[in-house]
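**Student:** In order, the protein sequences belong to chains A and B.
Take 0 as the starting number for the first sequence in numbering that gives the first Met the number 0 and just add one per residue.
Take 0 as the starting number for the second sequence in numbering that gives the first Met the number 0 and just add one per residue.
No residue lacks a Cβ here, since even glycine has one placed at the ideal position from N, Cα and C.
Model, not experiment: these values are computed from the prediction.
2 protein chains.
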Amino acid sequence: MLSTSAFAETASLVGDPARANMLAALMDGRALTAAELAHVAGIAPQTASGHLARLTQAGLLAMERQGRHRYHRLASGAVAQMLEGIMSVAADLGGADRAKRRTATVTGPRDQAMRYARTCYDHLAGRIAVAMADGMVARGQVDLSPDGGALTDSGAVFLRGLGVELDGAGARASSRGGGRVFCRPCLDWSERRPHIAGAVGAALCQTCFARGWVRRIEGTRAVAVTPAGRLALGKAFDLWD
Amino acid sequence: MLSTSAFAETASLVGDPARANMLAALMDGRALTAAELAHVAGIAPQTASGHLARLTQAGLLAMERQGRHRYHRLASGAVAQMLEGIMSVAADLGGADRAKRRTATVTGPRDQAMRYARTCYDHLAGRIAVAMADGMVARGQVDLSPDGGALTDSGAVFLRGLGVELDGAGARASSRGGGRVFCRPCLDWSERRPHIAGAVGAALCQTCFARGWVRRIEGTRAVAVTPAGRLALGKAFDLWD
DNA sequence: GCGATGCTACGGCCGCGGCCGAAGCATTCC
DNA sequence: GGAATGCTTCGGCCGCGGCCGTAGCATCGC
């Protein structure tokens, strides 16, 4: 049963505010330096160093040295999925807390871009990602339920038509049977509704970057939809934005 | 973005050893009294009371009073899924820790039954559940990948033949398209391989109890496979145990 | 009514762990 | 070589939070 202590210890690692901020910042799948992570956590570099060492040793983070920099990233998709799960539950916690402490919820202009479109580990999130998922659900191209999800045959045809590589390295091939590719619902933080994650979400995201439909906004997880992207995605997913 | 503090706070709630033990004990989906939970956590009742109040207020637990007892259970499937995710990551943590501290991993006789068959929130787990999943995968009745899962049409036929109610209350109906019912892979603690969870897993588990194929072992999450169950399940899932 | 049981509320003790300053090692640039 | 940058290690401060003892409130049994 694997000592219950490892269970508590893992949760405890995420439970510290400073470490939680670092992990949240790494949720976009990129690798950041210790200094950058110290900054987002609002702590001194030497404190961050200790945290990062613990997270790495516990297997939550992976580190690779490059010159005099050390880049830290989430160790695996399993870690990202765990963090998603915690965030999902934490979002509902707001209900009870709202009465207690006035959650500022300062929705600054920067957050606007974040709410609209951002990366979530290896796939897209935000209003636009939810809208894309909605479009596909409406047309029966994908099934999304809290307990699982599946790309239908027509959905596979649709995505391939967009240039999405469903059989690429990122997409774990179906063990057998119809060449169905797996996707997973991921509860959107800001929208509180599911968008598409998993192999399908990753492949779709990759295509959006490769075709220049979206590009990263410097220094944040938010992404901008380019004019070309607005055209292509709007037409493909029936978006009226 | 919902204050990152709620995120850390949620993880922190799970991160305390006493609370973690309580939550782990509740992972079988049953409701336990405060005294029982205090016992599994190894703390005094008044300490447990405080923990339970916090967990309930945070929305991780739900409580219902019944006479002078108060039964606590996990508030939702989302919470159970979050805990699963943490356990999954915690299991891999063993690799790094094994060198540091000799994890006793006392595999007592009671654990044997636990490893063989137990409940995991609302579905079956353990060697037998993994074997059942393997059998279905081998015959193309279900797809299980780390990122998602789906019951195939032949799988639905197979389970209905066993008497599993796939369209019941537990199974969220497919939003549209072929009447596919959703299932989700759940990494087995002891086997480190996926078994079937989600609506399909819950329905299958329910059938196993209803038909008397398995029954709970008092005071533990382990379940025993009855002679009738050995016969029925062995035949249906090609088990040689 | 009285006592027993299950649970909760309050106070005080105490120890774990986060935090930073100072110092030390590695790498890069000039 | 010397200085600057990026990161880590060590030591000590300090505060948050878990723990239980005592006491108080509900429910059940007689």
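#1: In the DSSP assignment, what residue or residues form a beta bridge with B:Asp15?
#2: To test your reading of the DSSP string, which unbroken alpha helix (DSSP H) runs of 4 or more residues are found completely within the stretch 110-160 of chain B?
#3: Where A:Arg118 and A:Ala24 are concerned, what is the direct C-alpha to C-alpha distance, given to the nearest angstrom?
#4: If A:His122 and A:Leu203 are in contact, beta carbons under 8 angstroms, what's the gap, nearest whole angstrom?
#5: How many angstroms separate the CA atom of B:Arg159 from the CA atom of B:Leu165?
#6: Exposed or buried, what is B:Val156 when buried is set at 16 or more other beta-carbons lying within 10 Å of its beta-carbon?
#7: Just tell me which of B:Pro193, B:Glu8, B:Ala149, B:Thr151 has its CA closest to the CA of A:Ala90.
#8: Identify the residues that DSSP records as bridge partners of B:Cys185: which are they?
#9: Which full runs of the beta strand (DSSP E) of 3+ residues lie inside the stretch 45-91 of chain B, going along the chain?
#10: Can you find a CB in chain B that lies within less than 9 angstroms of the CB of A:Ile85?
#11: What does B:Ser48 touch in chain A if you count any residue whose Cβ is under 8 angstroms from its own?
#12: Per DSSP, which residues does B:Val213 bridge with? Please list them.
#13: Give me the Cα-Cα distance between A:Leu150 and A:Ala196, rounded to the nearest whole angstrom.
#14: How close, in whole Å, do the beta carbons of B:Asp187 and B:Ala128 come, if the pair is a contact with beta carbons under 8 angstroms?
#15: Following the continuous alpha helix (DSSP H) through B:Ala33, name the residue where it begins and the one where it ends.
#16: Determine the chain B residues that contact A:Asp15 at a beta-carbon separation under 9 angstroms, and present them in chain order.
#17: Rounded to a whole number of angstroms, what is the C-alpha to C-alpha distance between A:His194 and A:Val141?
#18: For chain B, find out if any of its Cβ atoms is closer than 9 angstroms to the Cβ of A:Phe181; answer yes or no.
#19: Nearest to A:Ala19 by CA position, among B:Ser11, B:Ala19, B:Arg18, is which residue?
#20: Nearest to B:Gly134 by alpha carbon, out of B:Gly14, B:Lys234, B:Phe6?
#21: Where B:Leu238 and B:Arg126 are concerned, what is the direct C-alpha to C-alpha distance, given to the nearest angstrom?
#22: Of all the CB atoms in chain A, is at least one closer than 9 angstroms to the CB of B:Gly177?
#23: Return the CA-CA distance between A:Arg114 and A:Cys207, expressed in angstroms with no decimal places.
#24: What residues in the stretch 65-81 of chain B bring their beta carbon closer than 9 angstroms to a beta carbon of chain A?
#25: Tell me the rounded alpha-carbon separation between A:Glu190 and A:Arg215.
#26: Give the C-beta separation of A:Arg210 and A:Gly162 to the nearest angstrom, bearing in mind that I take them to be a contact with Cβ-Cβ under 8 angstroms.
#27: In this structure, how does DSSP classify A:Gly233 when only helix, strand and coil are distinguished?
#28: Tell me, to the nearest whole angstrom, how far the beta carbon of A:Val213 is from that of A:Ala198; I am working on the premise that it is less than 8 angstroms.
#29: Please classify B:Asp166: does DSSP put it in a helix, a strand, or coil?
#30: Alpha carbons only, please: which of B:Ala112, B:Glu35, B:Ala57, B:Met26 is nearest the one belonging to B:Ala47?
#31: Which chain A residues sit within Cβ distance under 9 angstroms of B:Asp237?
#32: Please confirm if A:Gly148 has its CB atom under 9 angstroms from at least one CB of chain B.
#33: Measure the CB-CB distance between B:Leu51 and B:Ala74 and report whether it falls below 9 angstroms.
#34: Skipping 5 residues on each side, what residues in its chain have a beta carbon closer than 8 angstroms to that of B:Gly41?
#35: For A:Thr225, which residues of its own chain have a beta-carbon under 8 angstroms away from its beta-carbon, when the five flanking residues on both sides are left out?
**Tutor:** Walking through what the data contain:
#1: Answer by DSSP bridge pairing: none, since B:Asp15 is not bridged.
#2: 126-137
#3: A small correction: the amino acid at residue 118 of chain A is Thr; Arg does not occupy that position in the sequence shown. A:Thr118 and A:Ala24: Cα-Cα distance of roughly 11 angstroms.
#4: 7 angstroms
#5: 7 angstroms
#6: exposed
#7: B:Glu8
#8: B:His194
#9: 60-65, 68-73
#10: yes
#11: Simply none; closest approach about 18 angstroms.
#12: B:Val224
#13: 11 angstroms
#14: 7 angstroms
#15: 33-40
#16: Ala7, Ala10, Ser11, Gly14
#17: 11 angstroms
#18: yes
#19: B:Ser11
#20: B:Lys234
#21: 11 angstroms
#22: Unreliable positioning characterises B:Gly177 in this predicted model, as indicated by a pLDDT of 37, which lies under 50. The coordinate reading is nonetheless provided below. By this cut-off, B:Gly177 is an interface position.
#23: 18 angstroms
#24: Ala74, Ser75, Gly76, Ala77, Val78, Gln80, Met81
#25: 20 angstroms
#26: 7 angstroms
#27: helix
#28: 19 angstroms between Cβ atoms; not a contact.
#29: coil
#30: B:Glu35
#31: Those within 9 angstroms of B:Asp237 in chain A number zero; the least Cβ separation is about 16 angstroms.
#32: yes
#33: no
#34: Ala17, Asn20
#35: Gly211, Trp212, Val213, Arg214
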